[in-house]
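Heads up, the thing below is written out as structure tokens.
2 protein chains.
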Amino acid sequence: MAVSKKEEFTQEEIWLADVAKSLSHPARIKILKMLNEMNSCMVGSLVDKLPLAQATVSQHLKELKRVGLIDGEIDGPKVCYCVNTKALAKAKSALDKLFNKIGCC
Amino acid sequence: MAVSKKEEFTQEEIWLADVAKSLSHPARIKILKMLNEMNSCMVGSLVDKLPLAQATVSQHLKELKRVGLIDGEIDGPKVCYCVNTKALAKAKSALDKLFNKIGCC
DNA sequence: TTTCTCTATCGTATATTTACGATGAACGAT
DNA sequence: ATCGTTCATCGTAAATATACGATAGAGAAA
Numbered sequence: 001m002a003v004s005k006k007e008e009f010t011q012e013e014i015w016l017a018d019v020a021k022s023l024s025h026p027a028r029i030k031i032l033k034m035l036n037e038m039n040s041c042m043v044g045s046l047v048d049k050l051p052l053a054q055a056t057v058s059q060h061l062k063e064l065k066r067v068g069l070i071d072g073e074i075d076g077p078k079v080c081y082c083v084n085t086k087a088l089a090k091a092k093s094a095l096d097k098l099f100n101k102i103g104c105c
Numbered sequence: 106m107a108v109s110k111k112e113e114f115t116q117e118e119i120w121l122a123d124v125a126k127s128l129s130h131p132a133r134i135k136i137l138k139m140l141n142e143m144n145s146c147m148v149g150s151l152v153d154k155l156p157l158a159q160a161t162v163s164q165h166l167k168e169l170k171r172v173g174l175i176d177g178e179i180d181g182p183k184v185c186y187c188v189n190t191k192a193l194a195k196a197k198s199a200l201d202k203l204f205n206k207i208g209c210c
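Chains as they are written, first to last, in our numbering: chain A, 1 to 105; chain B, 106 to 210.
Quick look at the structure:
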């Protein structure tokens, strides 16, 4: 694009769009589910169960971390990721609010 | 990207990611709000209130229409867009389900 | 029919995303 | 100290997204 116009919107709109962006790839949706389902949340376990290279998974994790939906904790040579419940609740509430506001034609 | 790997996920994951993608730009968030707030939903009215060129707004509307969140109805030389309540409800329910499933670390 | 208005689409430029292999940094184990 | 494991980051290629001006088409209005 020539120049991004994203600054011209409200902070709420920008933030919500950003959260939506972090959910806009099936791998990231799946990662969030897996982080909750699996007992382990090591990156390696995720890579094993995704049809993506390690570097790509790491990139997706970075995007989820960027918006705060997950946290990563260093555990020796490994890294354990987990869902940030608080951020998730905030996102859910904001999306609910949006959907309720929209409603009808 | 070299090759998209999006087909390697479930239909549900792909669809949900697609809905999220359609919400991943503040202009589209704002458009959805405006379609509900304004009595008129002509494209021109949207263009007037957005910091974007007409062609760009048209492109954003196309993206929202692609995933079914809005419908466009031709009204003489104008086009009246409105939110698709059913699609919106489906999206909200799927997102709720996802968020509830994820929950905690 | 000519003109005006409204909107979609085309063409194009630039930015961002997605993907991967290769490399590097951190740490545990030998 | 060296080696193997784990993961992030770099470099890079290709696909997509964002933005705009220009144009085309459809219909109202003159």
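Idealized CB from N, CA, C, for every residue including glycine.
It should be emphasised that the depicted structure is a prediction, and the values quoted were computed from it without experimental measurement.
- Using a Cβ distance threshold of 8 Å, His-60(A) and Ala-89(A) do not count as a contacting pair.
- In the three-state scheme derived from DSSP, where H, G and I count as helix and E and B as strand, Gly-44(A) is classed as helix.
- Within chain B, the C-beta atoms nearer than 7 Å to that of His-25(A) come from Ala-122, in chain order.
- In this structure Gly-177(B) touches Lys-170(B) by the C-beta definition: roughly 6 Å separates them, less than 8 Å.
- Residue nearest to Leu-32(A) within the set Val-19(A), Val-83(A) and Lys-6(A) is Val-83(A) (criterion: CA-CA distance).
- Glu-63(A) has a beta carbon lying at 8 Å or more from every beta carbon in chain B.
- The Cβ atoms of Leu-121(B) and Ala-199(B) lie closer than 8 Å to each other.
- Bounds of the alpha helix (DSSP H) holding Val-57(A) are 54-66.
- At the C-beta level, Leu-23(A) and Ile-134(B) stay beyond 8 Å of one another.
- For Ile-179(B), the pairing in a beta bridge is given by DSSP as Val-184(B).
- Here the C-alpha atom of Leu-140(B) lies approximately 7 Å from the C-alpha atom of Tyr-186(B).
- Judged by DSSP in its simplified three-state form, Pro-51(A) adopts coil rather than helix or strand.
- Look at Ser-109(B) here: in three-state DSSP terms it is coil, with no helix or strand label.
- Glu-8(A) has its alpha-carbon roughly 17 Å from the corresponding atom of Ser-150(B).
- Against chain B, a Cβ distance below 7 Å from Ile-14(A) picks out Pro-131.
- Of the residues Met-143(B), Leu-155(B) and Thr-190(B), the one whose Cα lies closest to the Cα of His-130(B) is Leu-155(B).
- The C-beta of Ala-158(B) has fewer than 16 other C-beta atoms within 10 Å across all chains shown, which makes the residue exposed.
- Listed by position along chain B, the residues whose Cβ is nearer than 9 Å to that of Lys-33(A) are Glu-118, Leu-203, Lys-206 and Ile-207.
- Taking a 10 Å sphere around the C-beta of Ile-102(A), we find 16 or more other C-beta atoms and assign the residue as buried.
- C-alpha of Leu-174(B) to C-alpha of Thr-56(A): approximately 30 Å in a straight line.
- At a cut-off of 8 Å between C-beta atoms, Ala-20(A) counts as an interface residue with respect to chain B.
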